[in-house]
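For the sequence shown, position 103 matches number 102 in numbering that gives the first Met the number 0, and the numbering has no gaps at all. As structure tokens, the structure follows; a few thoughts come after it.
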Amino acid sequence: MDVYEAVDSRRAVRAFSDEPVPREVLERVLAAATRAPSSGNLQPWHVYVVAGEPLAELKRRATARALAGDPGDEREYPMYPAELASPYLDRFSAAAAQRYEALGIERDDPERPRKIAALNSGAFGAPVVLFCYLDRTMGPGQWADAGMYLQTVMLLLRAEGLHSCPQVMWTMYRDTVSRTVGADDGLTLFCGVSVGFERDGVPRLRTGRADMTETVSFVGV
Numbered sequence: 000m001d002v003y004e005a006v007d008s009r010r011a012v013r014a015f016s017d018e019p020v021p022r023e024v025l026e027r028v029l030a031a032a033t034r035a036p037s038s039g040n041l042q043p044w045h046v047y048v049v050a051g052e053p054l055a056e057l058k059r060r061a062t063a064r065a066l067a068g069d070p071g072d073e074r075e076y077p078m079y080p081a082e083l084a085s086p087y088l089d090r091f092s093a094a095a096a097q098r099y100e101a102l103g104i105e106r107d108d109p110e111r112p113r114k115i116a117a118l119n120s121g122a123f124g125a126p127v128v129l130f131c132y133l134d135r136t137m138g139p140g141q142w143a144d145a146g147m148y149l150q151t152v153m154l155l156l157r158a159e160g161l162h163s164c165p166q167v168m169w170t171m172y173r174d175t176v177s178r179t180v181g182a183d184d185g186l187t188l189f190c191g192v193s194v195g196f197e198r199d200g201v202p203r204l205r206t207g208r209a210d211m212t213e214t215v216s217f218v219g220v
């Protein structure tokens, strides 16, 4: 797949089929992703690939917490800034409205928070979830490295005909995840990435993006 095509077709899919993802494909993707940029070549990411019964049990435990109204574990880092102003808040609100309309969840539904949490904790039906951790001693630069690494992974997944959905939501249930994967206490859960084949017959959401002129300035070019 052409790189431009991979970038253009990558989106957060929230409806996966139960078709299994071959281990050799995952190994090929993750081996190639080791070439992702890394400041100082620290390669700070620690990835756990979870599928099969361990993932099914994790989904059951996380979904039970979500449906019970569990607010989640103490956050280790904020998902978003406490004070989100325009234009960022505008973009966030527009995308959220599109996202949950596509999932069939009405904004005024009193059960909306629990339904959203349950869909997330079920990984939208994905048969594989990658959990990315970083050592607690790492700083903002290494968190940026992890983001570049995961983007590389997601583009390579597209080259294999697969889709993904990055989910910071899993940090809400980080204790449950850590017990499943056996992560060391010295690691912080950055996010999960659901992986699989897109399910047929569901609305395909493609959120808008700001025009390049809103975010890019050319100087001396």
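All C-beta atoms in this analysis are idealised placements derived from N, C-alpha and C, irrespective of residue type, glycine included.
Under 9 Å between C-beta atoms of residue i and residue j
i    : j    : result
G68  : Y172 : no
P223 : D144 : Absent from the structure is residue 223, since the part of the chain shown begins at 0 and ends at 220.
Y47  : A182 : yes
A50  : P165 : no
T175 : L54  : no
L161 : F130 : no
C188 : Y148 : Note on residue identity: the sequence assigns Leu, not Cys, to residue 188. No, Cβ-Cβ distance for L188 and Y148 is not below 9 Å.
S163 : V152 : yes
V194 : V20  : yes
D86  : E213 : Note that residue 86 is Pro in the sequence shown, not Asp. Yes, the pair counts as a contact, with Cβ atoms nearer than the cut-off.
R135 : L186 : yes
R74  : T170 : yes
L66  : A116 : yes
Y99  : R113 : no
Proximity test, Cβ basis, 9 Å: residue i and chain D
i   : result
G51 : Judged by its chain identifiers, the structure shown contains no chain D, having just a single protein chain.
Residue i - containing alpha helix (DSSP H), residue span
i   : result
G51 : 51-66
D7  : 2-8
Where the beta strand (DSSP E) containing residue i begins and where it ends
i    : result
V222 : Examination of residue 222 is not possible in this model, given that the chain is present from 0 through 220 alone.
Sequence-distant residues of its chain with Cβ nearer than 7 Å to residue i (five each side left out)
i    : result
A158 : M0, A5
M168 : N119
A61  : S120, Y172, T175
A14  : F123, G124, E197, R198, V201
G140 : S38
Beta-ladder partner(s) of residue i, from DSSP
i    : result
A11  : S163
V220 : Partner(s): none; V220 has no beta bridge.
V48  : L129
Residues near residue i by beta carbon distance below 6 Å, same chain, minus five either side
i    : result
R10  : R205
M137 : P43
Residues near residue i by beta carbon distance below 8 Å, same chain, minus five either side
i   : result
H45 : C131, Y132, L133, D134, A182, L186
(request) List in chain order: all unbroken beta strand (DSSP E) runs of 3+ residues lying wholly within the stretch 69-147. (result) Listed in chain order, they are 127-134.
(message) In chain order, what are the residue ranges of uninterrupted alpha helix (DSSP H) at least 4 long that sit wholly in the stretch 160-213?
(response) Whole alpha helix (DSSP H) segments, 4+ residues: 173-180.
(request) Only counting runs of 4 or more residues, tell me where the alpha helix (DSSP H) segments fall wholly within the stretch 13-46, in order along the chain. (result) Every alpha helix (DSSP H) of 4 residues or more that sits fully in the stretch 13-46 is shown, in chain order, as 22-31.
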